[in-house]
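Protein chains in written order, with my numbering: chain H, -7 to 386; chain G, -7 to 386; chain Z, -7 to 386.
The beta carbon of each residue, even a glycine, is placed where N, CA and C say it ideally should be.
Small disclaimer: the values here were computed from a predicted structure and weren't measured.
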Amino acid sequence: MKIAEFEKEIEAFQKSGDYKEPLAFGIARVDCAKTAPDRVLQATFAAINYRENFKSAAVFQNALKLCGESLEISGAELIAPISARFINESLNLFEPFIDEATGDAHKNVQVLLALAKIGADSLADYRVVFLFEDVAPKSVEAVYLKLYALSTGKAALRSLNLDGAFGVLPNAAWVGNEPIELDWLRENEIELKLRGEFPKIDYVDKFPRYLQHIIPADNTRILDGSKVRFGAHIAAGTTIMAGASYVNFNAGTTGASMIEGRISSSVVVGAGSDVGGGASILGVLSGTSGKPITIGKNTLLGANSVTGIPLGDGCIVDAGIAVLEGTKIAIDDKEAIEIAKINPSFHVSGEKTQIVKGGDLAGLHGIHYRVNSQTGQAQAFRSKREVKLNVELH
Amino acid sequence: MKIAEFEKEIEAFQKSGDYKEPLAFGIARVDCAKTAPDRVLQATFAAINYRENFKSAAVFQNALKLCGESLEISGAELIAPISARFINESLNLFEPFIDEATGDAHKNVQVLLALAKIGADSLADYRVVFLFEDVAPKSVEAVYLKLYALSTGKAALRSLNLDGAFGVLPNAAWVGNEPIELDWLRENEIELKLRGEFPKIDYVDKFPRYLQHIIPADNTRILDGSKVRFGAHIAAGTTIMAGASYVNFNAGTTGASMIEGRISSSVVVGAGSDVGGGASILGVLSGTSGKPITIGKNTLLGANSVTGIPLGDGCIVDAGIAVLEGTKIAIDDKEAIEIAKINPSFHVSGEKTQIVKGGDLAGLHGIHYRVNSQTGQAQAFRSKREVKLNVELH
Amino acid sequence: MKIAEFEKEIEAFQKSGDYKEPLAFGIARVDCAKTAPDRVLQATFAAINYRENFKSAAVFQNALKLCGESLEISGAELIAPISARFINESLNLFEPFIDEATGDAHKNVQVLLALAKIGADSLADYRVVFLFEDVAPKSVEAVYLKLYALSTGKAALRSLNLDGAFGVLPNAAWVGNEPIELDWLRENEIELKLRGEFPKIDYVDKFPRYLQHIIPADNTRILDGSKVRFGAHIAAGTTIMAGASYVNFNAGTTGASMIEGRISSSVVVGAGSDVGGGASILGVLSGTSGKPITIGKNTLLGANSVTGIPLGDGCIVDAGIAVLEGTKIAIDDKEAIEIAKINPSFHVSGEKTQIVKGGDLAGLHGIHYRVNSQTGQAQAFRSKREVKLNVELH
Chain H
-7 MKIAEFEKEI
3 EAFQKSGDYK
13 EPLAFGIARV
23 DCAKTAPDRV
33 LQATFAAINY
43 RENFKSAAVF
53 QNALKLCGES
63 LEISGAELIA
73 PISARFINES
83 LNLFEPFIDE
93 ATGDAHKNVQ
103 VLLALAKIGA
113 DSLADYRVVF
123 LFEDVAPKSV
133 EAVYLKLYAL
143 STGKAALRSL
153 NLDGAFGVLP
163 NAAWVGNEPI
173 ELDWLRENEI
183 ELKLRGEFPK
193 IDYVDKFPRY
203 LQHIIPADNT
213 RILDGSKVRF
223 GAHIAAGTTI
233 MAGASYVNFN
243 AGTTGASMIE
253 GRISSSVVVG
263 AGSDVGGGAS
273 ILGVLSGTSG
283 KPITIGKNTL
293 LGANSVTGIP
303 LGDGCIVDAG
313 IAVLEGTKIA
323 IDDKEAIEIA
333 KINPSFHVSG
343 EKTQIVKGGD
353 LAGLHGIHYR
363 VNSQTGQAQA
373 FRSKREVKLN
383 VELH
Chain G
-7 MKIAEFEKEI
3 EAFQKSGDYK
13 EPLAFGIARV
23 DCAKTAPDRV
33 LQATFAAINY
43 RENFKSAAVF
53 QNALKLCGES
63 LEISGAELIA
73 PISARFINES
83 LNLFEPFIDE
93 ATGDAHKNVQ
103 VLLALAKIGA
113 DSLADYRVVF
123 LFEDVAPKSV
133 EAVYLKLYAL
143 STGKAALRSL
153 NLDGAFGVLP
163 NAAWVGNEPI
173 ELDWLRENEI
183 ELKLRGEFPK
193 IDYVDKFPRY
203 LQHIIPADNT
213 RILDGSKVRF
223 GAHIAAGTTI
233 MAGASYVNFN
243 AGTTGASMIE
253 GRISSSVVVG
263 AGSDVGGGAS
273 ILGVLSGTSG
283 KPITIGKNTL
293 LGANSVTGIP
303 LGDGCIVDAG
313 IAVLEGTKIA
323 IDDKEAIEIA
333 KINPSFHVSG
343 EKTQIVKGGD
353 LAGLHGIHYR
363 VNSQTGQAQA
373 FRSKREVKLN
383 VELH
Chain Z
-7 MKIAEFEKEI
3 EAFQKSGDYK
13 EPLAFGIARV
23 DCAKTAPDRV
33 LQATFAAINY
43 RENFKSAAVF
53 QNALKLCGES
63 LEISGAELIA
73 PISARFINES
83 LNLFEPFIDE
93 ATGDAHKNVQ
103 VLLALAKIGA
113 DSLADYRVVF
123 LFEDVAPKSV
133 EAVYLKLYAL
143 STGKAALRSL
153 NLDGAFGVLP
163 NAAWVGNEPI
173 ELDWLRENEI
183 ELKLRGEFPK
193 IDYVDKFPRY
203 LQHIIPADNT
213 RILDGSKVRF
223 GAHIAAGTTI
233 MAGASYVNFN
243 AGTTGASMIE
253 GRISSSVVVG
263 AGSDVGGGAS
273 ILGVLSGTSG
283 KPITIGKNTL
293 LGANSVTGIP
303 LGDGCIVDAG
313 IAVLEGTKIA
323 IDDKEAIEIA
333 KINPSFHVSG
343 EKTQIVKGGD
353 LAGLHGIHYR
363 VNSQTGQAQA
373 FRSKREVKLN
383 VELH
């Protein structure tokens, strides 16, 4: 078969009523519960596709049809088993690409070739997964596919519907990359402990860790795997230190940055920014107003500071202070004029000192947030220092 | 043998001078030092009994007597070896319960059955352990039994005597669940390193981690096993995040809660409370006055706050502030009246603004602790917000 | 051979032009890249020598010469392969010491004896490494030898030139003690994931962890291996807690201390000091002026405090406050006089209240740093409390 034939055949299938263009798709290996072998605990995708590679999607859907799988494409997600025939039918169609399927080329073909090597006897743990719409995910596989889209950067942070994901994902004890049901541990606790075979449980959570599924860029550092939940996006050049850092799912960085504090769920930090040791950026899951926070580029959050409002580029929050939506902040008239120069939306009151709330400064650039150490007054200035990362480190 | 016979036989033994009612007991598997095989480094209990199951205690003591073990029950603790005969004698008595010894029923019988399977050749690493009084523990086994009682919630936090536990527990390098003496590593360092067999040491401590011994409830999450020391109690529904959290031994939560900060030794946090990212609650081990702190229900400690006094229910400590025993706090007359309404013990001075010390507010409910961002003044208000956990997460 | 002969032979070699006295040397086992077997990822030294054991250095250099290795001793570092002949020639010379080479005696001889056991077939992964000058290290082996010198305490913290070390060390995914190239993981991602053999990556960094290379003293505790980077020095009796702590390379403690906060790169903390939960001490790598900070003895940094200036002995920084170079701090005249009594360099202005900058108080002893909770004013007092560690814990 030649490429032209492939194109023709695929186009024909795509025009048929059997094809449905997916939002995302891929082949996953699943880990199932020991006590309930049909309950999926984790889905590991060797390669994912997000708003791309629709011809590969057509190959997979076509192969499923040939295998006699009932293709329920009317819903938002489709999860189908993988058989030796599925692999063969797919590879037959992909034949013109097999030789060049190495490195970054034709990842879906590489996945099929690897599955063919594994062999027909042990395909029970594999699934082909399609998402057709971005609605609340219903299956573990669908949640994982979305977390992969976020973590790989194929989908932007906060762009996907993850409503109910906490309900869909099972809580598990993680031993290395393997999830184990707490139930099974309880049932076997006595034997395991007395035999000295009780596993070393790394953690108990519904989400796995980022490094269990994602290989970072060469210039990225994550000094402790426990610090980044799967579903976070860690841009190339980012360093996540091991002290008081944490990056939750659906949160992360969009460029090289130094992270020694907490990036809560829904928070996005821009390139060149430095989140100091122990600094907290409030998220949407617990105890806040629910508006997601974006931190701009080249912004410095000092050690042990707390930021509860979005910040623009080139801001500084001094070490140890808290800037929240309701924090009253004083701005002298000269500083107000300087701030307005780079933030046209900022209203200069004309008073000698205007008092604003933190929320009023949301997203403004070039502001230095301080607390006067002689009066205890929170103040905002036009920032004079440029925030620069240490080029040796990023 | 029927249950009636069992009861009769046990009652007779319990009335004899050979029986002593234990505070706690159980069978443990011990890890011993490589360089000193009689030095116990860790004791793993498959099931423990605390102020309960005294008939099982009688079975074990009776079996020890039949085995000819010298039953020194006059002291506070008794540790005896386990033999095949001990197992047989115990199971003979337990015979009426063997068939129903599954799941949560008859854990002590299940332990014996598992030991019987392991076989007589390899019983050197097992001990039956009794605590008769709650005094300072003298053996590693006794400390572990108490830590189990605390972590399982069978004994309330701060209810047990752990004086001198740091002296009793040996410091060890932990490789997975196995403790290794630092001495042995030093003696073998050259060979291990040159052969590429130097172990991956997870940590060096006298205490193991909570997850090495305790299986949490299904709705509990501990995102990093290093964050909870054995001897902590993590109530069902609690989430321990991985950023700047830590829960020390003899500390923990008594209900579903969100923990992103530090619960020092002796601190207890109530249901529905939220310990924000990096928040510190001071403990008794280092640098404080030594009074243990209790945090009430539905209380919020803001990110990077520091709490050095007990708090009642429904309190809020703002992000980034410190409320210590000596902190001077201003309360306006209207707020003082509102605070007194739900805290009858609170004295309203009648002044426009009364100044109190943090310690004077210890344990009061419904107080919002703030620092005025324009004057730097620490202030207390009657809290207006209700603290609620995100139900999706707990 | 007798010791006298050994001495004579070595002295003769040392006087020859072939010998060069090293700053540091040792034999390392190296981990190489899977994709580029000549690229060193990690060097593990079983024993190191720093400004000591020059006769052993002469033995090694002499053996290298006899093996025909080109001894390029004109540069700052020399890395040579190890052969069976190298081992034999060295052991021939060391013959008088072989019997007594156990425990802490003759570590270099012990290394050779262990290598002899490993055998000639598998010596490809071993190197003898010499550093002759303390200049910017050029090889992975040289960086590791310097980090060993710092972590073992043979070289004082901040005494060695590590310029460019970030550039020399390769970034790697660490699986236990083994570094794996990110490239190799990417190339094999599909196969590894589909086979369920994707490794559990503990972290991604250029530096390994302290506990992978160093065995702490018996009274030292490191509650989480991820908290201490290799190249840190953790003095005997130090406890590193697991909450928000971190000790970077070229930083650490010089005596027993309690560390629950962050010791950034270049920071040194003295004996008896207590770095409270979440406390940050600023380092030189990111966002500071670049002057390394020393903290004296018996000094207490309160929970969530931030320290940006050097502190002397017996200081207290209150919980939650920040003392930075530019922080304006008020000192009453009586306190100023008391401060001057133990700090002759301190200038008493004579004013009722003198206002100084944090940087002006750098290194002074016995100062209590506070923020007045009624006025928000940062203040310095002569400290009245003595900082004492809990002797049970250290």
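Exercise for the section: Out of H/Ser8, H/Glu327, H/Asp310, state which residue places its alpha-carbon closest to the alpha-carbon of H/Ile347. Expected result: Locating residue 347 of chain H in the first sequence gives position 355, where the first residue counts as 1. Nearest C-alpha to H/Ile347: H/Glu327.
Handout entry: Three-state secondary structure assigned by DSSP to G/Gly269
Key = Reading the second sequence from its first residue, position 277 is the one you call residue 269 of chain G. Correct three-state label for G/Gly269: coil.
Exercise for the section: With 9 Å as the C-beta to C-beta threshold (strictly closer), list the residues of the region 282 to 296 of chain H near chain Z in chain order. Expected result: Leu292, Gly294, Ala295, Asn296
Problem - Cutoff 8 Å: Z/Asn163 Cβ touching any chain H Cβ - result: Position 171 of the third sequence, counted from the first residue, corresponds to residue 163 of chain Z. Yes, its Cβ sits closer than 8 Å to a Cβ of chain H.
Exercise for the section: Consider the Cβ of H/Phe190: report whether some Cβ of chain G lies at a distance smaller than 8 Å. Expected result: Residue 190 of chain H sits at position 198 when you count from the first residue of the first sequence. Judged by the 8 Å Cβ criterion, H/Phe190 is in contact with chain G.
Problem - Inter-residue spacing [alpha-carbon to alpha-carbon] between G/His386 and Z/Gly306 - result: Along the second sequence, one-based indexing puts residue 386 of chain G at 394. Along the third sequence, one-based indexing puts residue 306 of chain Z at 314. Cα-Cα distance, rounded: 44 Å.
Exercise for the section: Assign Z/Ala97 to buried or exposed, taking buried as 16 or more other Cβ atoms, counted over all protein chains shown, within 10 Å of its Cβ. Expected result: As a first step, residue 97 of chain Z is located in the third sequence; it is residue number 105 there, counting from the start. Z/Ala97 should be labelled exposed.
Practice task
Counting only the same chain and skipping the five closest in sequence on each side, list residues whose C-beta sits under 6 Å from that of H/Arg362.
Solution key: What you label residue 362 of chain H is simply residue 370 of the first sequence in a count that begins at 1. So the qualifying residues of the chain are Asp310, Gln371.
Handout entry: Beta-carbon proximity list for G/Gly217, same chain, < 6 Å, skipping 5 on both sides
Key = Position 225 of the second sequence, counting from 1, holds the residue named residue 217 of chain G. Result list for G/Gly217: Arg201, Leu203, in chain order.
Practice task
Please classify Z/Lys138: does DSSP put it in a helix, a strand, or coil?
Solution key: Walking along the third sequence from the start, residue 138 of chain Z turns up at place 146. Of the three classes helix, strand and coil, the one that applies to Z/Lys138 here is helix, per DSSP.
Handout entry: Euclidean distance between Cα positions of Z/Asp210 and G/Arg119
Key = As a first step, residue 210 of chain Z is located in the third sequence; it is residue number 218 there, counting from the start. As a first step, residue 119 of chain G is located in the second sequence; it is residue number 127 there, counting from the start. Rounded to the nearest angstrom, the two C-alpha atoms are 27 Å apart.
Practice task
Could you list the residues in the region 302 to 334 of chain Z with a C-beta less than 8 Å from some C-beta on chain H, going in chain order?
Solution key: Gly312, Ile313, Ala314, Leu316, Thr319, Lys320, Ile321, Ala322
Practice task
Give the secondary structure of Z/Glu64 by DSSP, where H, G and I count as helix, E and B as strand, and everything else as coil.
Solution key: Counting from 1 along the third sequence, the entry for residue 64 of chain Z is found at position 72. Three-state result, Z/Glu64: coil.
Handout entry: Reference H/Pro336; option with closest CA among H/Pro162, H/Lys320, H/Leu356, H/Asp324
Key = Here the question's residue 336 of chain H lines up with position 344 in the first sequence. Among H/Pro162, H/Lys320, H/Leu356, H/Asp324, the Cα nearest to that of H/Pro336 belongs to H/Leu356.
Problem - CB of G/Asp117 within 8 Å of CB of G/Val22, strictly - result: Here residue 117 of chain G is taken as the residue at index 125 of the second sequence, counted from 1. Here residue 22 of chain G is taken as the residue at index 30 of the second sequence, counted from 1. Yes, these two residues count as a Cβ contact at 8 Å.
Problem - Secondary structure of H/Lys(-6), DSSP reduced to three states - result: The residue labelled residue -6 of chain H in the question sits at position 2 within the first sequence. Reduced to three states, the DSSP call for H/Lys(-6) is coil.
Problem - G/Leu83 - DSSP class collapsed to helix/strand/coil - result: The count along the second sequence starts at 1 and reaches residue 83 of chain G at position 91. In the structure shown, G/Leu83 sits in a helix (DSSP, three-state: H, G or I).
Practice task
May I ask you to list the residues that DSSP assigns as paired with H/Val160?
Solution key: Numbered from its first residue, the first sequence carries residue 160 of chain H at position 168. According to DSSP, which records beta bridges pairwise, H/Val160 is partnered with nothing at all.
Problem - Whole-angstrom distance between Z/Ala72 and Z/Ile206, CA atom to CA atom - result: As a first step, residue 206 of chain Z must be located in the third sequence, where it is residue number 214. As a first step, residue 72 of chain Z must be located in the third sequence, where it is residue number 80. The alpha-carbon atoms of Z/Ile206 and Z/Ala72 are separated by roughly 24 Å.
Problem - Cβ distance (whole Å) where G/Gly429 is taken to contact G/Ile321 below 8 Å - result: Because chain G here runs from -7 to 386, residue 429 of chain G falls outside it and cannot be looked at.
Practice task
Determine the burial state of H/Gly368: buried for a count of at least 16 other Cβ atoms within 10 Å of its Cβ, exposed for fewer.
Solution key: The residue labelled residue 368 of chain H in the question sits at position 376 within the first sequence. The residue is buried, with at least 16 neighbouring Cβ atoms inside 10 Å.
Handout entry: Proximal residues, the region 225 to 256 of chain Z versus chain G, C-beta separation under 7 Å
Key = Met233, Ala234, Gly235, Ala236, Met250
Practice task
Would you kindly report the start and end of the unbroken beta strand (DSSP E) that includes Z/Val120?
Solution key: Counted from its first residue, the third sequence places residue 120 of chain Z at position 128. Segment 118 to 123, the beta strand (DSSP E) holding Z/Val120.
Exercise for the section: Name, please, each residue of chain Z whose Cβ falls closer than 7 Å to the Cβ of G/Phe158. Expected result: One-based indexing of the second sequence puts residue 158 of chain G at position 166. Neighbours of G/Phe158 on chain Z, chain order: Glu384, Leu385.
Handout entry: Distance between G/Lys380 and G/Leu353 (C-alpha atoms, nearest Å)
Key = As a working mapping, residue 353 of chain G is identified with position 361 in the second sequence. As a working mapping, residue 380 of chain G is identified with position 388 in the second sequence. Cα to Cα, the separation comes out at about 23 Å.
Handout entry: Sequence-distant residues of its chain with Cβ nearer than 8 Å to G/Gly60 (five each side left out)
Key = The residue labelled residue 60 of chain G in the question sits at position 68 within the second sequence. If we look at G/Gly60 and ignore the five residues flanking it on each side, it has no Cβ neighbours.
Problem - H/Tyr195 at chain G interface by Cβ criterion, 8 Å - result: In the first sequence, the residue the question calls residue 195 of chain H occupies position 203. Taking Cβ atoms only, chain G reaches closer than 8 Å to H/Tyr195, which makes this a yes.
Exercise for the section: Report yes if the C-beta distance between Z/Ala50 and Z/Ile2 is below 8 Å; otherwise report no. Expected result: Taking the third sequence and counting its residues from 1, one reaches residue 50 of chain Z at position 58. Taking the third sequence and counting its residues from 1, one reaches residue 2 of chain Z at position 10. Yes. Within cutoff.
Exercise for the section: Using a Cβ cut-off of 8 Å (strictly closer), state whether G/Ile273 contacts chain H. Expected result: Here residue 273 of chain G refers to the residue found at position 281 when the second sequence is read from its first residue. G/Ile273 does not count as touching chain H.
Exercise for the section: Output the boundary residues of the beta strand (DSSP E) element that contains H/Gly70. Expected result: Counted from its first residue, the first sequence places residue 70 of chain H at position 78. Per the sequence shown, the amino acid found at residue 70 of chain H is Leu instead of Gly. From DSSP, the beta strand (DSSP E) with H/Leu70 extends over 69 to 73.
Handout entry: Helix, strand or coil at H/Pro171 [DSSP, three-state]
Key = Numbered from 1 along the first sequence, position 179 holds the residue referred to as residue 171 of chain H. Three-state result, H/Pro171: strand.
Problem - Cβ contact check for the region 76 to 93 of chain G and the region 168 to 187 of chain H: 3 or more pairs under 8 Å - result: no
Practice task
Count the other CB atoms, across all protein chains shown, that sit within 10 Å of the CB of H/Ile40; report buried if there are 16 or more and exposed otherwise.
Solution key: For the purposes of this step, residue 40 of chain H is identified with residue 48 of the first sequence, where counting begins at 1. Counting Cβ neighbours within 10 Å, H/Ile40 comes out buried, since at least 16 surround it.
Exercise for the section: Alpha carbon to alpha carbon, how far is Z/Gly18 from H/Thr144? Give it in angstroms, no decimals. Expected result: Taking the first residue of the first sequence as position 1, residue 144 of chain H is located at position 152. Taking the first residue of the third sequence as position 1, residue 18 of chain Z is located at position 26. Distance between the alpha carbons of H/Thr144 and Z/Gly18 is about 43 Å.
Problem - Closest Cα partner of G/Asp197 within the set Z/Thr212, Z/Trp176, Z/Arg187, Z/Lys(-6) - result: Taking the first residue of the second sequence as position 1, residue 197 of chain G is located at position 205. For the residues Z/Thr212, Z/Trp176, Z/Arg187, Z/Lys(-6), the minimum Cα distance to G/Asp197 belongs to Z/Thr212.
Exercise for the section: Give a yes or no on whether 8 Å exceeds the smallest Cβ distance from Z/Arg150 to chain H. Expected result: Against the third sequence, residue 150 of chain Z aligns to sequence position 158. Chain H contact via Cβ: absent.
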